[in-house]
Amino acid sequence: MHPLQAIHHQMADSRASRPGSRWRGGSEVAPGPSLPPILRRALWPIASLAGLIAVWWIAALIADAPVLPGPPEVLEAARREMAGDYFFHLGATVARVAAAFALAMSLGAAIGIALGMHRGADRYFSGWLTFFLNLPALVTIILCYVWLGLSEVAAITAVAINKIPNVAATLREGARALSRDLAEMAALYGLERGARLRHIVLPQLAPFFAVAARNGLALVWKIVLVVELLGRSNGVGYMLHLHFQLFDVATILAYAFGFILVVQAIELLILEPWERYATRWRR
Amino acid sequence: MTEARSGSGAALEVDLAAKRFGDRLTLGAIRFSLSPGERVALLGPSGTGKSTLLAIAAGTDRDIEGHVARGAGRLAMVFQEPRLLPWRSLTDNIALIPGAGGPERARAALVEVGLGAEADAWPQKVSLGQQRRAALARALAVRPGLVLMDEPLVSLDAENASAMRALIRRVLDETGAAALIATHDRAEALALADRVLVLGGRPAVLVADRRSPLDRTARTEASTVEAAVAPFFSGLESGVLSDA
Numbered sequence: 079m080h081p082l083q084a085i086h087h088q089m090a091d092s093r094a095s096r097p098g099s100r101w102r103g104g105s106e107v108a109p110g111p112s113l114p115p116i117l118r119r120a121l122w123p124i125a126s127l128a129g130l131i132a133v134w135w136i137a138a139l140i141a142d143a144p145v146l147p148g149p150p151e152v153l154e155a156a157r158r159e160m161a162g163d164y165f166f167h168l169g170a171t172v173a174r175v176a177a178a179f180a181l182a183m184s185l186g187a188a189i190g191i192a193l194g195m196h197r198g199a200d201r202y203f204s205g206w207l208t209f210f211l212n213l214p215a216l217v218t219i220i221l222c223y224v225w226l227g228l229s230e231v232a233a234i235t236a237v238a239i240n241k242i243p244n245v246a247a248t249l250r251e252g253a254r255a256l257s258r259d260l261a262e263m264a265a266l267y268g269l270e271r272g273a274r275l276r277h278i279v280l281p282q283l284a285p286f287f288a289v290a291a292r293n294g295l296a297l298v299w300k301i302v303l304v305v306e307l308l309g310r311s312n313g314v315g316y317m318l319h320l321h322f323q324l325f326d327v328a329t330i331l332a333y334a335f336g337f338i339l340v341v342q343a344i345e346l347l348i349l350e351p352w353e354r355y356a357t358r359w360r361r
Numbered sequence: 755m756t757e758a759r760s761g762s763g764a765a766l767e768v769d770l771a772a773k774r775f776g777d778r779l780t781l782g783a784i785r786f787s788l789s790p791g792e793r794v795a796l797l798g799p800s801g802t803g804k805s806t807l808l809a810i811a812a813g814t815d816r817d818i819e820g821h822v823a824r825g826a827g828r829l830a831m832v833f834q835e836p837r838l839l840p841w842r843s844l845t846d847n848i849a850l851i852p853g854a855g856g857p858e859r860a861r862a863a864l865v866e867v868g869l870g871a872e873a874d875a876w877p878q879k880v881s882l883g884q885q886r887r888a889a890l891a892r893a894l895a896v897r898p899g900l901v902l903m904d905e906p907l908v909s910l911d912a913e914n915a916s917a918m919r920a921l922i923r924r925v926l927d928e929t930g931a932a933a934l935i936a937t938h939d940r941a942e943a944l945a946l947a948d949r950v951l952v953l954g955g956r957p958a959v960l961v962a963d964r965r966s967p968l969d970r971t972a973r974t975e976a977s978t979v980e981a982a983v984a985p986f987f988s989g990l991e992s993g994v995l996s997d998a
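Protein chains in written order, with this note's numbering: chain A, 79 to 361; chain B, 755 to 998.
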C-alpha cells in the first residue's frame, strides 16, 4: 500500500473506532466470552493461517517433488539448521534490520517534519523526494557497495536510503496537518520548545510514526535480505543465496518462516501495544 | 506594529489603525484600554471581527497597523473551542502550562470549577461544558493579570451557560484579573462586564463604549440583567446587533 493511502486508512480507522478495536477484528463473532482477550484476538488469524498451511500441504502432496516440500520437510530442515548456525544468521539479519530501521526512522522523520513545516523547503526538495522514492532499491544497493565497499556500513546505508524517503513522505503529511489552534494556545501560554515538542507536536505525529514504522519494517527486512544476498557473508539473505545454489527449497523456507515469525513478533509485541497506548485517549 | 509593556499601568491598551486580510479591511481605527481588574465585554454580531480583535490583543496576530500594550502579569486566554490537548488528562492539561504550579495546583483548579471527579479524564470523554470549564481553570491557574475570553458560553445549553456565567464571575473575583470577553449576547455582556464595547460596521469600529449601570452584585440577578438590557442598548442603530 502507498504510505499516504495507508495513513488515510489508518486515520479513518482509528477515528471511527474505540482504541485498539481494529486489532480485535472479529471479536464480536468469536465464541465464548470466557476466553481471555488475547486468545479471542488471535482466533481468526490462527484459523486463517491454518487454512494457508492446509493448502500448502495438499499442494506439496500432489506435486510430490523436492522443489515443493511440505510442512514436515521444512520442519525437519529447520531442526537441522537450528543445530547449526540458524540463530547466528537470524540474529545478524535482525541486527541489520534494527540498525537500518532506527537510522531511517530518525533521519526520515527529521526530514519529513522539516519539509512539512517549511513550505519553501518543501517546494524546493519535493523533487528530490520524488527522485529517491522512485530510485530502485537494487540501484541504491549496487551503488553503495561500489562507492563504500562490501562493508557493513554500505549494507546498512543502502537499506536506510531506501527507507528514508518513505518515512519522510509520511511524516511530511503529519507535519502539514499539525493543529494551528494548539500551536497558538502553546505560544500564548509560553510553553517552552521542549514542552511543545513533547506535549503538542509528537502526540499529533504518533499515528504517522505508527504508519511509517509498520510500512518501514516490512520494507526494511525485505531489502536487508537483498543486501545480504549481494554482499554479505552472513544473515538470512546470505543463507537463502547459499541454499538457492543447492536448490534446497526446504531450508530456504525454514529461514523465511523464521524471519516472518520474528517480524510478526515485533509487530504484535512492540508496535501494536505501543499504538494502543498512544491512542488510548481517543473517544 | 509595535508591542510594548503598558507604561500607563493599564492591563491592556489597544491602539489599532487598521487590520487587513489581504486587500480586505476588516477592522478600522479602534482604541481602548482596560484598567487592572476591569471586566470589559466586546459585543458584536458574529463575523464582525471580535475574534480577530482578541487575537490582536493577545499578540498572536501581529500583522496589524497600530500597537498593543499589555500590563505586567501573565496573559491567559479562553478560546472559543476549548483547545485542550486530547492526549493529556484534564489535570495534565493544566499542569503542563508554565506558571500553573504543577499537578497539585491543577487538581485544586479543577475542583474549583467543579471538575474534581473528572481530574484524570481525557478531554474527549467529558462534555463540551466540562471542557470549557477545564479551559477556564487552565486560564485562571496561571494567575493572570489579563484574561481574554472568546465566546465562553457559546453552544452551551441554558442551564450550563448560567452555571458557567456564575463561575466566570466567581473566578474573576478571586483572581482579580482584568478580562476582555467577546460575546454576541447583550444579556451576557451585562451579566459579566463592568463596561461594554460595541463593535459594528464594515470595516468594524467601536460604535459604543458604555459603562454598565449594574454593579457586580446587581448583575448576578438574571431578572435585573434582563430588565437593564433594553434601556442600556437604546440609541444603538438597529442592525448593528442584529443577531444579538
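Glycine included, C-beta positions come from ideal geometry on N, C-alpha and C.
Partner residues on chain A for residue i, Cβ-Cβ distance less than 7 Å
| i | result |
| --- | --- |
| I935 of chain B | Near I935 of chain B there are no residues of chain A at all, since even the closest Cβ is about 16 Å away, more than 7 Å. |
| M903 of chain B | Here the premise fails: no neighbours, minimum Cβ distance about 13 Å. |
| A812 of chain B | L266 |
| V768 of chain B | Neighbours of V768 of chain B on chain A: none; closest Cβ ~16 Å, over 7 Å. |
| I848 of chain B | Going along chain A, no residue has its Cβ under 7 Å from I848 of chain B, so there is no contact; the nearest lies around 10 Å. |
Which of helix, strand or coil DSSP assigns to residue i
| i | result |
| --- | --- |
| P898 of chain B | strand |
| I784 of chain B | strand |
| A823 of chain B | strand |
| A962 of chain B | strand |
| L907 of chain B | coil |
| V340 of chain A | helix |
| V867 of chain B | coil |
| D200 of chain A | helix |
| W101 of chain A | Any reading at W101 of chain A must be qualified, since the residue scores a pLDDT of 39, below 50, and its modelled position is unreliable; no value is offered. |
| V302 of chain A | helix |
| E975 of chain B | coil |
| A143 of chain A | coil |
| R816 of chain B | coil |
| W134 of chain A | helix |
| Q834 of chain B | coil |
| T357 of chain A | coil |
Identity of the residues DSSP links to residue i by a beta bridge
| i | result |
| --- | --- |
| F775 of chain B | B:R778 |
| L796 of chain B | B:A936, B:L951 |
| L829 of chain B | B:L900 |
| L766 of chain B | B:L788, B:R824 |
Alpha-carbon spacing of residue i relative to residue j, whole angstroms
| i | j | result |
| --- | --- | --- |
| A296 of chain A | V341 of chain A | 8 Å |
| T978 of chain B | L807 of chain B | 30 Å |
| G883 of chain B | A246 of chain A | 39 Å |
| G855 of chain B | I810 of chain B | 27 Å |
| D874 of chain B | L844 of chain B | 6 Å |
| A936 of chain B | R887 of chain B | 17 Å |
| P840 of chain B | R274 of chain A | 14 Å |
| D997 of chain B | R276 of chain A | At D997 of chain B, the pLDDT of 42 sits below 50, so the modelled position is not reliable and the matter cannot be decided from this model. |
| Y267 of chain A | L944 of chain B | 28 Å |
| D969 of chain B | D948 of chain B | 7 Å |
| A120 of chain A | A920 of chain B | 53 Å |
| L181 of chain A | A253 of chain A | 20 Å |
| E106 of chain A | M195 of chain A | Here the model assigns E106 of chain A a pLDDT of 43, short of 50, so the residue's position is not dependable and the matter cannot be decided. |
| Y378 of chain A | E306 of chain A | Since the first residue of chain A shown is 79 and the last is 361, residue 378 of chain A is not available in this structure. |
| E345 of chain A | A912 of chain B | 50 Å |
| A108 of chain A | A132 of chain A | Confidence at A108 of chain A is low in this model, with a pLDDT of 44, below 50, so the placement of that residue should be treated as unreliable; the coordinate-derived value is given next. Each residue's Cα considered, the two are about 22 Å apart. |
| R965 of chain B | V950 of chain B | 6 Å |
| G148 of chain A | V237 of chain A | 33 Å |
| L228 of chain A | G309 of chain A | 6 Å |
| T248 of chain A | A291 of chain A | 10 Å |
Cβ-Cβ separation, residue j to residue i (assumed contact under 8 Å), whole Å
| i | j | result |
| --- | --- | --- |
| L766 of chain B | G825 of chain B | 7 Å |
| V172 of chain A | V298 of chain A | With 8 Å as the limit, V172 of chain A and V298 of chain A do not qualify as a contact, their Cβ atoms being about 11 Å apart. |
| C222 of chain A | T235 of chain A | 5 Å |
| G899 of chain B | A933 of chain B | Incorrect: roughly 10 Å between the Cβ atoms, too far for contact. |
| F210 of chain A | P243 of chain A | 4 Å |
| I278 of chain A | A261 of chain A | 7 Å |
Contacts that residue i makes with chain B (C-beta to C-beta distance below 8 Å)
| i | result |
| --- | --- |
| I278 of chain A | L839 |
| L256 of chain A | Under the 8 Å cutoff, chain B gives no residues; its nearest Cβ is about 13 Å from L256 of chain A. |
| D259 of chain A | F833, E835, R837 |
Amino acids of chain B, ordered along the chain, whose beta-carbon sits closer than 9 Å to that of residue i
| i | result |
| --- | --- |
| W352 of chain A | Going along chain B, no residue has its Cβ under 9 Å from W352 of chain A, so there is no contact; the nearest lies around 14 Å. |
Where residue i meets chain A, residues with beta-carbon distance less than 8 Å
| i | result |
| --- | --- |
| V896 of chain B | Y267 |
Within chain B, partners of residue i - CB distance below 7 Å
| i | result |
| --- | --- |
| M183 of chain A | Under the 7 Å cutoff, chain B gives no residues; its nearest Cβ is about 21 Å from M183 of chain A. |
| F359 of chain A | Position check: residue 359 of chain A holds Trp in this sequence, whereas Phe was assumed. Near W359 of chain A (Cβ distances below 7 Å), the residues of chain B are P840, W841, W876, Q878. |
Heavy atom of the ligand FAD within 7 Å of residue i beta-carbon
| i | result |
| --- | --- |
| M317 of chain A | Only the bare structure without any ligand can be found here, which leaves the ligand FAD out of the picture. |
Per-residue contacts from residue i into chain A (C-beta, under 9 Å)
| i | result |
| --- | --- |
| P857 of chain B | What P857 of chain B touches in chain A: nothing, since even the nearest Cβ is about 14 Å away. |
| P852 of chain B | Y267, G268, L269, E270, A273 |
| L829 of chain B | L266, Y267, G268 |
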